[in-house]
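Numbering (the working numbering), first residue to last: 271 to 333.
Just so you know, even glycine gets a beta-carbon here, dropped at the ideal spot from N, CA and C.
If you're wondering where the values come from, they're calculated on a predicted model, not measured in any experiment.
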């Protein structure tokens, strides 16, 4: 992972680690230099209406 991230950085590209399912995996990937991470650890797939509702709630809480 570290080599791929370094190569992408040298080409002015970003990387996204996919399939992260635990806090330990997320921490390791961050230590290896990858800043964009996605996977079930952060959330399961959901309908767009649920996503919008979450954003609305967060927006209202931070207003």
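Am I right that residue i and residue j are in contact with their C-beta atoms under 8 Å? What's the rounded C-beta distance?
i	j	result
residue 289	residue 313	That belief does not hold up - the Cβ atoms of residue 289 and residue 313 are roughly 13 Å apart, past 8 Å.
residue 302	residue 322	Actually they do not touch by this definition, with Cβ atoms about 33 Å apart.
residue 293	residue 311	7 Å
Just curious, the alpha helix (DSSP H) that residue i is in, first and last residue?
i	result
residue 320	318–331
residue 282	Residue 282 -> no alpha helix (DSSP H), and no H or E assigned at all.
Relative to the C-alpha of residue i, which candidate in the options has its C-alpha closest?
i	options	result
residue 299	274, 281, 331 and 317	274
>> Does the region 280–288 come into contact with the region 298–308, if we say contact requires no fewer than three beta-carbon pairs (one atom in each stretch) closer than 8 Å?
In response: yes
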